[in-house]
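First up is the structure itself, then whatever we jot down about it.
There are 2 protein chains.
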Amino acid sequence: MKSYKIGVIGAFGHWNYAMDQMTMQGVVGIAPGYPEEDVSGLKAALEGRGVSVTVYEDYHELLDLMEVAVVNTRLDLNAGITVECLRRDIYVFCEKPVGISMEQLQQVRVAQEQSKAWVTAMFGIRYEAWFRTVKEAVKDIGEVRLLNGQKSYKLGRRHVSYTTMETFGGIIPWGAVHAIDWVHDLAGVDFIDVQALTNNEYNQDHGDLEMTSLCLFQMEKGVIASVSADFYRPQGAPTHDDDRVRVVGTKGIVEYKNGVVQKIDQEGVTELPMKEKEDVFELMLRRIEGEDVGVTPDESLDMTAIAIRARDNALSKR
Amino acid sequence: MKSYKIGVIGAFGHWNYAMDQMTMQGVVGIAPGYPEEDVSGLKAALEGRGVSVTVYEDYHELLDLMEVAVVNTRLDLNAGITVECLRRDIYVFCEKPVGISMEQLQQVRVAQEQSKAWVTAMFGIRYEAWFRTVKEAVKDIGEVRLLNGQKSYKLGRRHVSYTTMETFGGIIPWGAVHAIDWVHDLAGVDFIDVQALTNNEYNQDHGDLEMTSLCLFQMEKGVIASVSADFYRPQGAPTHDDDRVRVVGTKGIVEYKNGVVQKIDQEGVTELPMKEKEDVFELMLRRIEGEDVGVTPDESLDMTAIAIRARDNALSKR
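Line by line, the protein sequences are chains A and B.
Sequential numbering of the first sequence, starting at 0, is according to numbering that gives the first Met the number 0.
Sequential numbering of the second sequence, starting at 0, is according to numbering that gives the first Met the number 0.
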């Protein structure tokens, strides 16, 4: 694979997804997404891997240097920076959600239409071993008819930007969006409509932050799906999050929970061997080279859009 | 406990819930709910337990003999028979759903208001060992904020009455209603609103029968809940149905799945010892004697009502 001039703006999210490729290819520089942002952890991680790092105070200086931008700063800022990158034909590996409002998302969409480059949302879970195993197993269960997805996170003490809707965007665009992306990818059909509910009580002084959410999706071809997302995973739980998905088909059911992928069909219950994980950022670079792999630009925007619709539907009912 | 004159109308559903008490107390008679109904299996089961059985061709003959009626005939007929019983002050242990339309349910409600007796829906799962274990464990997880319930059934070949909405009523009033009852009992708050989706494709020539359903509930105090119900449990699965519930509280999460009740809190993950199961019909008889135990008359009607609302909401979107 060809080498790219990679830069990183912000250190708020999942820059780690790009770490293996940055270790191999190096970085042209890193910069905070806003003046107060601390990027020292990212710098140290890169240097710990033997990558020499130039830190720019203003990310605009990076715009002349990059071909590929890893954008993961405060959630309300990612869309605007993505637009700036796209206007300069810089490919963007963007923290999810790509935007926290329909207006932001529309700006990204327009910029992408006018750009030679495009944006890939950090839907990295789709390339984890368990998800790839589920995805392959779903081929053997006939027509997918019903899906249940779950994200459950430990709350801990979140950055102050999580506490206002204007800087965070809500649990659905931030967390449930992963399960929305799984459901879409596994069902192989698009969303038609969504109804959602959220609640932000008992959030331990986290302001607007919603602790619970539920989404109900009508999809094409009569497929239906639900997604549950919450911040109530107890501190004593063995893992930070509890990702689950259940895919119900006409000839069997595939499920992931607790590190195990299971299929039930007329033969009975089978625990499936795990496939290898893939590198979501490497797949993005291969897509730039023309391969049809990884998260597509349309998925990156469309999953964000349905998540924002769900969030707004829930808010309208409060 | 005092002895009651117990009769059975119909043999379509869960008469087995009453079997232990009928074995001890005997039955005054059994009768089909409609002329063609075959009650020979019920008769044989009772006689196999040493209970002598008189079969009446017309259930109206039983109405003069019974104090307590076990009503479980074709699903569209249970409400009308329940009304007839209530008008004669006969207590009714009624198959769920107690009615398959709001009109039917309203007739039962009016009859109950004017009767010395009342109706108990066959929400027997609530007294199974696993549910009692979950119910007790929920006391230790703070405020309940989010619940996810599931019913998943093997389809097999269903009685012809399942194939029209007019004689069956739909998967939500018939199946999801159990999980609706669990959610209500475990949350300790009432339902405010429901949104639902169903689909009846790929139902192997079962007419109207819905294969999938999802319900989204807004409850009091900001509690939210989802219920998933389907007929896609594969024939090769180890059990007929796959009941699950997940209760998310401010201090922990309690779950039931695959025969195991699990609690996660700051101490970590604990598998809970199972409580003893209870006899839902015995509890009903004890309620007649004045004890505050078992399924209440209000629950019996209210859970049916919210299930019918959900079914109608889903149908309105088709």
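The beta carbon of each residue, even a glycine, is placed where N, CA and C say it ideally should be.
If we count the other Cβ atoms within 10 Å of its Cβ and call it buried at 16 or more, is Met383/A buried or exposed? Absent from the model: residue 383/A. The displayed extent of chain A is 0 to 317, so no value can be given.
Quick one: is Val268/A near chain B, going by C-beta distance under 8 Å? Interface residue, yes.
8 Å is my cut-off, CB to CB: does Met210/B come that close to chain A? Closer than 8 Å to some Cβ of chain A, the Cβ of Met210/B qualifies, so yes.
Please work out which residues of its chain come closer than 6 Å, Cβ to Cβ, to Leu196/A, disregarding the five sequence neighbours upstream and downstream, and give them in chain order. These residues qualify, in order along the chain: Leu213 and Ala313.
Taking the straight line between their C-alpha atoms, what separation do you get for Val222/A and Lys250/A? Going from the Cα of Val222/A to the Cα of Lys250/A covers about 15 Å.
Members of the stretch 250-269 of chain A near chain D, C-beta cut-off 8 Å: No chain D appears in this structure, whose protein chains are A and B.
Considering only their Cβ atoms, is the gap separating Val118/A from Pro237/A smaller than 8 Å? In this structure, Val118/A does not lie closer than 8 Å to Pro237/A by Cβ.
Per DSSP, what kind of secondary structure is Thr303/A in: helix, strand or coil? Collapsing the DSSP output to three states places Thr303/A in a helix.
DSSP on Val143/B, reduced to helix/strand/coil? Here Val143/B sits in strand by DSSP.
The stretch 31-43 of chain B in contact with the stretch 54-70 of chain B per 3-pair CB rule at 8 Å: The stretch 31-43 of chain B, when compared against the stretch 54-70 of chain B, does touch it at the 8 Å Cβ threshold.
Looking only at DSSP bridge pairs, what is Met218/B linked to? DSSP lists Phe190/B as the bridge partner or partners of Met218/B.
Sequence-distant residues of its chain with Cβ nearer than 8 Å to Thr163/A (five each side left out): In its chain, beyond the 5 residues on either side, Gly206 and Asp207 have a beta carbon closer than 8 Å to the beta carbon of Thr163/A.
What does Glu112/B pair with, by DSSP beta-bridge criteria? Glu112/B is not bridged to any residue.
Listed from N- to C-terminal order along the chain, which residues in the stretch 197-230 of chain A have their beta-carbon within a distance smaller than 7 Å of any beta-carbon of chain B? Those would be Asn198, Glu200, Tyr201, Met210, Thr211, Leu213, Leu215, Gln217, Gly221, Ile223, Ser225, Ser227 and Asp229, in chain order.
Residues of chain A with CB closer than 7 Å to the CB of Leu61/B, please, in chain order. Those within 7 Å of Leu61/B in chain A number zero; the least Cβ separation is about 42 Å.
Taking only the alpha-carbon atoms, compute the straight-line gap between Ala44/B and Ser51/B and give it to the nearest angstrom. Straight-line Cα distance between these residues: approximately 11 Å.
Which of helix, strand or coil does DSSP assign to Ser160/B? DSSP places Ser160/B in helix when its eight states are reduced to three.
Chain-ordered neighbours of Pro237/B on chain A, where CB pairs are closer than 9 Å: Within chain A, the residues placing a beta-carbon under 9 Å from that of Pro237/B are Ile263, Gly267 and Val268, ordered along the chain.
Would the stretch 279-292 of chain B and the stretch 106-125 of chain B be scored as touching if the rule is three or more Cβ pairs under 8 Å? Segments in contact, yes.
For Ser227/A and Ala178/A, I'd like the C-alpha separation in whole angstroms. Going by the C-alpha atoms only, they are around 8 Å apart.
I'd like to know whether the C-beta of Arg144/A is nearer than 8 Å to at least one C-beta of chain B. It does: the Cβ of Arg144/A has a partner Cβ on chain B nearer than 8 Å.
Segments assigned beta strand (DSSP E), at least 3 residues, entirely inside the stretch 195-269 of chain B: Qualifying beta strand (DSSP E) stretches, in chain order: 211-218, 223-229, 243-248, 251-256 and 259-264.
Quick check on the DSSP output: what are the complete alpha helix (DSSP H) runs of length 4 or more inside the stretch 50-112 of chain B, in order along the chain? Runs of alpha helix (DSSP H) with 4 or more residues, each lying fully within the stretch 50-112 of chain B, are found at 77-86 and 101-112, listed in chain order.
Alpha helix (DSSP H) segment containing Gly47/B, residue limits: For Gly47/B, the enclosing alpha helix (DSSP H) starts and ends at Ser39 to Gly47.
C-beta contact flag for Val143/B and Ala186/B at 8 Å: Taking the C-beta atoms as reference points, Ala186/B is found nearer than 8 Å to Val143/B.
Report yes or no: is there a C-beta of chain A within less than 8 Å of the C-beta of Pro172/B? No Cβ of chain A is located within less than 8 Å of the beta carbon of Pro172/B.
How would you write the range of the alpha helix (DSSP H) that Thr132/B sits in, first residue to last? Residues Ala128 to Ala136.
Could you check where the beta strand (DSSP E) with Val279/B kicks off and where it finishes? Per DSSP, Val279/B belongs to no beta strand (DSSP E); it is in the alpha helix (DSSP H), Val279 to Ile287.
Using a beta-carbon distance below 8 Å, is Val246/B in contact with chain A? Not flagged as an interface residue toward chain A: Val246/B, since no C-beta distance is shorter than 8 Å.
Going by C-alpha distance, which of Leu64/A, Val97/A and Asp88/A is nearest Arg73/A? When the alpha-carbon of Arg73/A is set against those of Leu64/A, Val97/A and Asp88/A, the nearest one is in Val97/A.
Rounding to the nearest angstrom, what Cα-Cα distance links Leu154/B and Phe92/B in this structure? Near 26 Å, if we compare the C-alpha coordinates of Phe92/B and Leu154/B.
Which residue comes first and which comes last in the beta strand (DSSP E) that contains Thr295/B? Per DSSP, Thr295/B is not a residue of any beta strand (DSSP E), being assigned neither H nor E.
Neighbourhood of Val82/B by C-beta distance below 7 Å, restricted to the same chain and skipping five residues each side: Here the set comprises Gln106, Val107 and Ala110.
One question on the structure: do Val253/A and Ala136/A come within less than 8 Å of each other, judged by their Cβ atoms? Closer than 8 Å, so yes.
Is DSSP giving Ser315/B helix, strand or coil here? Here Ser315/B sits in helix by DSSP.
Determine the extent of the beta strand (DSSP E) in which Ile8/A is found, giving its start and end residues. Unbroken beta strand (DSSP E) run through Ile8/A: Ile5 to Ile8.
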